[in-house]
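A short worksheet on the structure shown next.
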Amino acid sequence: MPRGPCASLNQRCWGLRDADLCCALLHHRAEAMRWVSATAAATLMLATGTNIRRSFLVPFFALQAPSSTISTIKGDYGRWMAFAGILLRLLHFIPGELDLPLSTILLVMIAPYQFMDLRGSQGGAILSAAIAIYLTFQHFNSVGSLRNAFRRESIIATVSIIHMTFFLKFPGKCRKSWLQFPESI
Numbered sequence: 001m002p003r004g005p006c007a008s009l010n011q012r013c014w015g016l017r018d019a020d021l022c023c024a025l026l027h028h029r030a031e032a033m034r035w036v037s038a039t040a041a042a043t044l045m046l047a048t049g050t051n052i053r054r055s056f057l058v059p060f061f062a063l064q065a066p067s068s069t070i071s072t073i074k075g076d077y078g079r080w081m082a083f084a085g086i087l088l089r090l091l092h093f094i095p096g097e098l099d100l101p102l103s104t105i106l107l108v109m110i111a112p113y114q115f116m117d118l119r120g121s122q123g124g125a126i127l128s129a130a131i132a133i134y135l136t137f138q139h140f141n142s143v144g145s146l147r148n149a150f151r152r153e154s155i156i157a158t159v160s161i162i163h164m165t166f167f168l169k170f171p172g173k174c175r176k177s178w179l180q181f182p183e184s185i
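So, in structure tokens, the structure goes:
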């Protein structure tokens, strides 16, 4: 039975006199990685200086966004954002840069359970990695060289793609591994 500060996270803790050692740090690091990856994808949706297929960013964001963002989009705030976006699109012209964020909100809101269940699984991590690697290849191939990727026109897109690729969240479990703590102290 989990105990201590990680009991709500269903993670194993080991008692060490006055303190508990647990996997809470891994949980917080994974959420931070999700935030960095989702922020990089959102930045790339709006960035100029790249010729990637931005439609791949929508499922990537849906798979890598933090849980709090997904629950906000699936809740009442997301419904109102989608309603306002569709109403604005029907009554006025929406620039192309705002079309992908609206598509992302709609995808997350109406996504079936089976797709959203991929979020914490190994299959979702592999799909996200495949999307990130494909977009990285497409960006660096269209820019021409590594030197051109860090020029003024494409530096934001390059940094966003690098963050998307390197800050992917892969599912994992905390294990004792080399730290051998006795069950009762």
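Numbered as in the UniProt record's numbering, the sequence shown ends at 185 without a single skipped number. The C-beta atom is built at its ideal place from N, Cα and C for all residues, glycine as well.
Compare the beta carbon distance of residue 143 and residue 107 with 8 Å and say whether it is the shorter of the two.
Reading the sequence shown from its first residue, position 143 is the one you call residue 143. Reading the sequence shown from its first residue, position 107 is the one you call residue 107. Their beta carbons are not under 8 Å apart, which means residue 143 does not touch residue 107 by this criterion.
Please name the residue, chosen from 100, 62, 105, that lies closest to residue 83 on a Cα-to-Cα basis.
The residue you call residue 83 lines up with position 83 of the sequence shown. Distance check between residue 83 and each of 100, 62, 105 places 105 closest, using alpha-carbon atoms only.
If we count the other Cβ atoms within 10 Å of its Cβ and call it buried at 16 or more, is residue 176 buried or exposed?
Position 176 of the sequence shown holds residue 176. Below a pLDDT of 50, predicted positions are generally treated as unreliable, and residue 176, at 41, falls in that range; the measurement from the model is reported next regardless. Classification for residue 176: exposed.
Contact the stretch 142–158 vs the stretch 37–47: 3+ CB pairs below 8 Å
Contact between the stretch 142–158 and the stretch 37–47 is present, with at least three C-beta pairs closer than 8 Å.
I need the boundaries of the alpha helix (DSSP H) containing residue 125, first residue and last residue.
For the purposes of this step, residue 125 is identified with residue 125 of the sequence shown, where counting begins at 1. Counting along the chain, residue 125 sits inside the alpha helix (DSSP H) bounded by residues 122–143.
Expected contact under 8 Å - CB spacing of residue 111 and residue 69 to nearest Å:
For this step, residue 111 is matched to residue 111 along the sequence shown. For this step, residue 69 is matched to residue 69 along the sequence shown. Not a contact, Cβ separation roughly 14 Å.
Could you please give the first and the last residue of the uninterrupted alpha helix (DSSP H) stretch that includes residue 87?
Indexing the sequence shown from 1 puts residue 87 at position 87. The continuous alpha helix (DSSP H) containing residue 87 extends over residues 76–91.
Under the three-state DSSP convention, the category residue 25 falls into
On the sequence shown, position 25 is the one that residue 25 refers to. For residue 25, the pLDDT reaches just 49, beneath the cut-off of 50, and the residue's location in the model is therefore unreliable, although a value from the coordinates is still provided. Helix, per DSSP.
Looking only at C-alpha atoms, which of 98, 167, 133, 122 sits nearest to residue 52?
Taking the sequence shown and counting its residues from 1, one reaches residue 52 at position 52. Residue 133 is the option with its Cα nearest to residue 52.
Sorted by chain position, which residues of the same chain lie with C-beta nearer than 8 Å to residue 56's C-beta, five sequence neighbours on each side aside?
Stepping through the sequence shown from its first residue, residue 56 is reached at position 56. Same-chain partners within the cutoff: 131, 134, 135.
Between 78, 115, 137, 102, which lies nearest to residue 88 when the distance is taken from Cα to Cα?
Start at 1 with the first residue of the sequence shown, and residue 88 comes out as number 88. It is 102 whose Cα lies nearest to the Cα of residue 88.
C-alpha distance - residue 145 paired with residue 80, whole-angstrom precision:
To locate residue 145, count along the sequence shown from 1; it is residue 145. To locate residue 80, count along the sequence shown from 1; it is residue 80. Rounded to whole angstroms, residue 145 to residue 80 spans 43 Å at the Cα level.
In the DSSP assignment, find the alpha helix (DSSP H) that holds residue 158 and state where it starts and stops.
In the sequence shown, residue 158 corresponds to position 158, counting from 1. For residue 158, the enclosing alpha helix (DSSP H) stretches over residues 155–166.
Taking C-alpha atoms, which residue in 165, 74, 72 lies nearest to residue 137?
As a working mapping, residue 137 is identified with position 137 in the sequence shown. Distance from the Cα of residue 137 is smallest, within the candidate group 165, 74, 72, for 165.
Host alpha helix (DSSP H) of residue 117 (start-end)
Start at 1 with the first residue of the sequence shown, and residue 117 comes out as number 117. It is not in any alpha helix (DSSP H) - residue 117 carries neither H nor E in the DSSP assignment.
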